[in-house]
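Residue numbers (the working numbering): 9 to 152.
Think of the CB as a built atom: it goes at the ideal place given N, C-alpha and C, for glycine as much as any other residue.
Note that the coordinates shown come from a computational prediction; the quantities given were computed from them, not determined experimentally.
As structure tokens, the structure follows; a few thoughts come after it.
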């Protein structure tokens, strides 16, 4: 049984980098495969993975979004997207209402005033880390 709240986060999953020509890459971005690819080449190409940047470094692959039970560390819900999808876009879908606690924990990539007010209105206890700014850090209360 899920207890003590849930932790939501995302991880990058690397995929082999595709070496496509520019016109092939444009065709793949449109969601189709180039007609010039033979069946054996189609089997080797990953057309669903995408590029993203994290800490200034480019990554190619997928994102694994997971909601983990805080007490037992078991994955309760999971979503897999391409790497270009923002972590916050699947946040609400990962929340598990069957958890005995309504506490939600997430890192500083997830906070927004709209999200926090909507979660509080829905009865969730929001424990999302605060984000500091370049000119103003976080307060002592926020650090606690």
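{"Check": "Quick check on residue 31: buried or exposed, where buried means 16 or more other Cβ atoms within 10 Å of its Cβ?", "Outcome": "exposed"}
{"Check": "Where does residue 127 sit, in a helix, a strand or coil, going by DSSP?", "Outcome": "helix"}
{"Check": "Compare the Cα-Cα distances from residue 109 to each of 58, 143, 77 and 50 and report the closest residue.", "Outcome": "77"}
{"Check": "If I'm right that residue 45 touches residue 53 with Cβ under 8 Å, what's the distance once you round it to whole angstroms?", "Outcome": "7 Å"}
{"Check": "Check the C-beta distance from residue 91 over to residue 57 and give it rounded, since I have them as a contact under 8 Å.", "Outcome": "7 Å"}
{"Check": "What does the Cβ neighbour count give for residue 48, buried or exposed, with the cut at 16 atoms within 10 Å?", "Outcome": "exposed"}
{"Check": "Following the continuous beta strand (DSSP E) through residue 141, name the residue where it begins and the one where it ends.", "Outcome": "Element bounds for residue 141: n/a, residue is neither H nor E."}
{"Check": "Beta carbon of residue 12, beta carbon of residue 84: below 8 Å?", "Outcome": "no"}
{"Check": "Pull up the distance between the alpha-carbon of residue 99 and that of residue 37, whole angstroms please.", "Outcome": "25 Å"}
{"Check": "Run the CB neighbour count on residue 181, radius 10 Å, all protein chains shown included, and call it buried at 16 or more, exposed below.", "Outcome": "The structure shown does not extend to residue 181, since the chain is modelled only from 9 through 152, so no value can be given for it."}
{"Check": "Could you give the distance in angstroms between the alpha-carbon of residue 72 and the alpha-carbon of residue 88?", "Outcome": "5 Å"}
{"Check": "Mind checking whether residue 122 and residue 136 have CB atoms under 8 Å apart?", "Outcome": "no"}
{"Check": "Ordered along the chain, which non-local residues of its own chain (more than five positions away) have a Cβ less than 7 Å from that of residue 70?", "Outcome": "21, 23, 57, 88, 89, 90 and 91"}
{"Check": "Which complete alpha helix (DSSP H) runs does the segment 28-81 hold, if anything under 4 residues is left out?", "Outcome": "30-37 and 47-52"}
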